[in-house]
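Undergrad:
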Amino acid sequence: MRLLLFAYFVVEVLAFIGVSSQIGLGWAFLAVFALSVFGGLGANIALRNSLRRAAGGQGSLGRLAGDGALLAVGWLLCILPGFVSSAVGLIMVFPPTRALLRRALTASATKAMEDFSVRVYSASPVAQYRTSYGTFTTPPTESSQPSQSSQPEVDVEKLEEWFRADSATDDDRRRGRDNGPEGTS
């Protein structure tokens, strides 16, 4: 964090020195002040317009959230003293560039969430289980079949009875027309 603040300070000082050498020291201070004031006001107006559109039903909640976040960061960058931070803040406040940033950030966040969810699933115990519902190969020959104790015998008729009992409606049960395993017919 200290390195980031130091980098911000160095970049802003170099930009200020470059601008002040072109237009003069007094005008450079005035320009930094004007950028801060106009950038803050521009972010305020843009946020109010975004809220007004959302209240009128012209925007989605996701767009409002994206615009709100970008405008808040843009406002903060605009009111920070300096040419570089104000320029980046104005880019976030200006509607066409804000829309491009919002789309890029949405795509990036979506990709990050998808990658995160894949990593979480891969690390979970659920991903370790494998199920098999049979094969489409030919059945094994008599000599290679496993013993009867490892393959349980399935009573298809009993399963069908249970299925019919479960699928009978409540009206059928009340009227006594259930053909289920209880034998209430």
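Residue numbers (UniProt numbering): 1 to 185. Don't be surprised by glycine CBs; every beta carbon is placed ideally from N, CA and C.
Please report the distance separating the alpha-carbon of I17 from that of L35.
TA: Position 17 of the sequence shown, counted from the start, is the residue given in the question as residue 17. Position 35 of the sequence shown, counted from the start, is the residue given in the question as residue 35. About 16 Å.
Undergrad: Hey, G66 and R102 are a contact pair by Cβ (cut 8 Å); roughly how many whole angstroms apart?
TA: The residue labelled residue 66 in the question sits at position 66 within the sequence shown. The residue labelled residue 102 in the question sits at position 102 within the sequence shown. Indeed, because the Cβ distance is near 4 Å, the residues count as touching under 8 Å.
Undergrad: Figure out for me which residue from V120, L71, L25 and Q58 has the closest Cα to the Cα of L41.
TA: In the sequence shown, counting from the first residue as 1, residue 41 sits at position 41. Nearest option by C-alpha distance: L71.
Undergrad: How about V93 and A46: are their beta carbons less than 8 Å apart?
TA: Translated into the one-based positions of the sequence shown, residue 93 becomes position 93. Translated into the one-based positions of the sequence shown, residue 46 becomes position 46. Yes, the Cβ-Cβ distance between V93 and A46 is below 8 Å.
Undergrad: Look up F6 in the DSSP assignment and say whether it is helix, strand or coil.
TA: What you label residue 6 is simply residue 6 of the sequence shown in a count that begins at 1. Three-state DSSP puts F6 in a helix.
Undergrad: Given that a residue counts as buried once 16 or more other Cβ atoms are within 10 Å of its Cβ, and exposed if not, what is V32?
TA: In the sequence shown, residue 32 corresponds to position 32, counting from 1. By the neighbour-count rule (16 or more Cβ atoms within 10 Å), V32 is buried.
Undergrad: From T97 to A54, what does the alpha carbon distance come to, in whole angstroms?
TA: Numbered from its first residue, the sequence shown carries residue 97 at position 97. Numbered from its first residue, the sequence shown carries residue 54 at position 54. Looking at the two C-alpha atoms, the distance is approximately 19 Å.
Undergrad: How long is the line joining the alpha carbons of S124 and W162, rounded to whole angstroms?
TA: Here residue 124 refers to the residue found at position 124 when the sequence shown is read from its first residue. Here residue 162 refers to the residue found at position 162 when the sequence shown is read from its first residue. So the alpha carbons of these two residues sit roughly 35 Å apart.
Undergrad: Classify F83: buried if its beta carbon has 16 or more other beta carbons within 10 angstroms, exposed otherwise.
TA: The count along the sequence shown starts at 1 and reaches residue 83 at position 83. Under this definition F83 is a buried residue.
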